[in-house]
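Chains as they are written, first to last, in the working numbering: chain H, 1 to 321; chain U, 1001 to 1408.
Only one structure is covered here, and it is reproduced in the block below.
Structure representation (structure tokens):
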């Protein structure tokens, strides 16, 4: 998988997962994002990095928000963008997924931004993509959402400037979260002092410590002295199944309130990949409070996605063609 | 009277080596003395307990007919077909569809234990028995209702049939695609915990104790499962068990990179499970090694991992990898013979498959040192889903005799 997303010279051919990347590459993404950020402040919000290139947003799972940020990021790099929402059912065969890819490849797409509900889908498309076609993973099942993780790293970096003294807590439904998996790898690669997961065991994967984290079932203990708190969205259906009891028990045990936030360091920042369930995993007063950087994450998402697209399809992309 | 000498290194039940067998009128009449240049092994003709061929009819690339011919060329004399075929083996008419010919491995149907493998109604086991069935089972289908399973075991026992069960708790298995462990955690795959096997095994063993039905447990995948089988045997229950060649040579770590060719049922588990399965073969807890050969077209694996069809083609690798366990020192040649011929034949209710004077001359001459690379053009199977693609292997079938007649 590592080799699949890298060119022989170590540059990015695809961007599929954080796992298997080198710390220097993650730092390069952050630095590139920092330099591209100023584009948004110009009168003409465009640079010609991807002029003449075609980016196709191929979403097998609906997501207006994420798709829009990819769309704007590609447009600011002067690429032509086409959005495709593909309706598939759970019985759709893998071969017909490939037919979709091959048909669109024939229209001379240079990059596919792909979201699919199955883990491994991005790797699957990358394995079958024609030479010179690049795959960018916009979320595959529970596996990875690497651009989200990098925009979170960019946000942390802007506030904390370094990772090696940070304690970062990720709270909530880690089991079903591609965001959490990618964040954990990114935080560890960037040398974070301690990564903590806070959740009941029903929302954790098997042997979570093997990911290089400390696990807390008690939120008050887990939040102590943290520099960064990342809250995860809790899908409402989790509270109707057997993962969690109903009612307000989840919020009482794992909801982030102002009172709980005081257990962390005074300069702790609060993050959330969105969309939030106010009153389910996070109190509105915290989400809108002075320590929240949640809206900043959204705007940082643009710069980071521009950086990754430029690195994959810009200079590094040519050598993979 | 037909008389011939078949040369090859053979080992008897006492572990003594011989240089071959003398065959008189289709049966082994005497051992031949060991010679200095006897390098190739003479084995009792192998019996593979678990195939999932899919469709019974058809002439396609990896049709049952083609794969049975390929089995013979791989040196496999007898193959048991699990009942999850199309159509399901719950009816004598379906049994009659199984191909039979001199140039095919002999096929032994495992009848369905319940109608359509749905676990709700008993199958017509007496009719199946009249059609030649000696064992009944559920293939990979779960038996959700313990009460119906109890009656099915009682009825099978009354008919003198052995029951083959794949132990699993249906609700713990449902939706899972990989072992619930570190690799599934990394890849974001829904896990199947070891408890899916052990919870199923606990129930099934309780019903064996209750009914006295003879049960063979298929595809044990975990260390804890091996322990439970050992305990059941120590308690005197009439049980036997097997594991698959894939589970002896692969672990969930091999799934990294989303290798859909290793999407199997039960899932590949971790290193400690693999080691315990190997130990279980050596110490006698496990009675057979099966290929669980599941030939599929290439398209079945052309999909993101969770969407791919589970199952792998293992026909060509089965015997070479079994032989590897002897070369690695885990098994003796005598123990290997028990695991791939004597025990499976006994479980299927065949004539004893033993290489010794007085027994039928069903034997395989096997060259354990012939090296080859597992690539499509080197394989007899035409399936598009090999588990051991590009593995360097050692061992090729040279000659196969059934009832003293050469068939390869």
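The C-beta atom is built at its ideal place from N, Cα and C for all residues, glycine as well.
Nearest CB-CB separation between residue 1294 (chain U) and chain H: not below the 8 Å threshold.
Nearest CB-CB separation between residue 143 (chain H) and chain U: below the 8 Å threshold. Below 8 Å, too few C-beta pairs join the stretch 1345-1362 of chain U and the stretch 1370-1385 of chain U to call them touching: fewer than three.
For residue 1187 (chain U), the chain H residues whose C-beta falls within less than 8 Å of its own C-beta are 119, 120, 143, listed in chain order. Judged by DSSP secondary structure, residue 124 (chain H) falls outside any beta strand (DSSP E) and instead within the alpha helix (DSSP H) spanning 121-128. DSSP places residue 1359 (chain U) outside both helix and strand once states are collapsed to three, so it counts as coil. For residue 1239 (chain U), the closest of U:1264, U:1213, U:1262, U:1170 by C-alpha to C-alpha distance is U:1213.
Here residue 256 (chain H) is bridged, per DSSP, to H:282.
Three or more pairs of CB atoms, one per stretch, sit closer than 8 Å, so the stretch 1263-1271 of chain U contacts the stretch 1171-1186 of chain U. By the CB criterion at 8 Å, residue 1045 (chain U) and residue 1080 (chain U) fall outside the cutoff. Rounded to the nearest angstrom, the gap between the Cα atoms of residue 1379 (chain U) and residue 1296 (chain U) is 15 Å. Contact of residue 94 (chain H) with chain U is assigned, a C-beta pair being separated by under 8 Å. The stretch 46-54 of chain H and the stretch 101-119 of chain H touch, with no fewer than 3 CB-CB distances between them shorter than 8 Å. Between residue 299 (chain H) and chain U, the shortest Cβ-Cβ separation is not below 8 Å.
Per DSSP, residue 1044 (chain U) is one residue of the beta strand (DSSP E) stretching across 1041-1044. Our two residues, residue 1383 (chain U) and residue 40 (chain H), have alpha carbons roughly 55 Å apart in a direct line. Under the three-state reduction of DSSP output, residue 83 (chain H) falls in the strand class. The C-beta of residue 1138 (chain U) has 16 or more other C-beta atoms within 10 Å across all chains shown, which makes the residue buried. In chain order, 1188 make up the part of chain U whose C-beta sits under 7 Å from the C-beta of residue 181 (chain H). Per the coordinates, the alpha-carbon of residue 258 (chain H) lies some 29 Å from the alpha-carbon of residue 242 (chain H). Residues of the stretch 221-247 of chain H that bring their beta carbon within less than 7 Å of a beta carbon in chain U are absent altogether. Within the same chain, 32, 36, 49, 50, 77 come within 8 Å of residue 310 (chain H) by CB-CB distance, once the 5 residues on both sides are set aside. Residues of the same chain with a CB within less than 8 Å of the CB of residue 1394 (chain U), apart from the 5 flanking positions on each side, are 1320, 1323, 1324, 1327, 1368, 1369, 1370, 1371, 1372 in chain order.
In terms of Cβ geometry, residue 1273 (chain U) and residue 1241 (chain U) do not form a close pair [threshold 8 Å].
In the displayed model, residue 185 (chain H) falls within a helix according to three-state DSSP.
In this structure, residue 1117 (chain U) lies away from residue 1056 (chain U), with their beta-carbon atoms at least 8 Å apart.
With the rule of 3 Cβ pairs closer than 8 Å, the stretch 1179-1191 of chain U does not count as touching the stretch 1151-1167 of chain U. Exclusion of the five residues before and after residue 284 (chain H) leaves 278 as the residues of its chain whose Cβ lies within less than 8 Å of its Cβ. With contacts defined as CB atoms closer than 8 Å, residue 1261 (chain U) and residue 1385 (chain U) qualify as a contacting pair. For residue 161 (chain H) and residue 192 (chain H), the gap between their C-alpha atoms comes out near 12 Å.
A Cβ of chain U is located within less than 8 Å of the beta carbon of residue 123 (chain H). Under the DSSP assignment, residue 1267 (chain U) falls outside any alpha helix (DSSP H); it carries neither an H nor an E label. Residues of chain H whose Cβ lies closer than 8 Å to the Cβ of residue 1182 (chain U) are, in chain order, 206, 207, 210. Taking CB atoms only, residue 37 (chain H) has no neighbour in chain U less than 8 Å away.
Taking a beta-carbon distance threshold of 8 Å, residue 178 (chain H) counts as an interface residue toward chain U. Scanning its chain for C-beta atoms nearer than 6 Å, with the 5 sequence neighbours on each side dropped, one finds around residue 272 (chain H) the residues 231, 294, in chain order.
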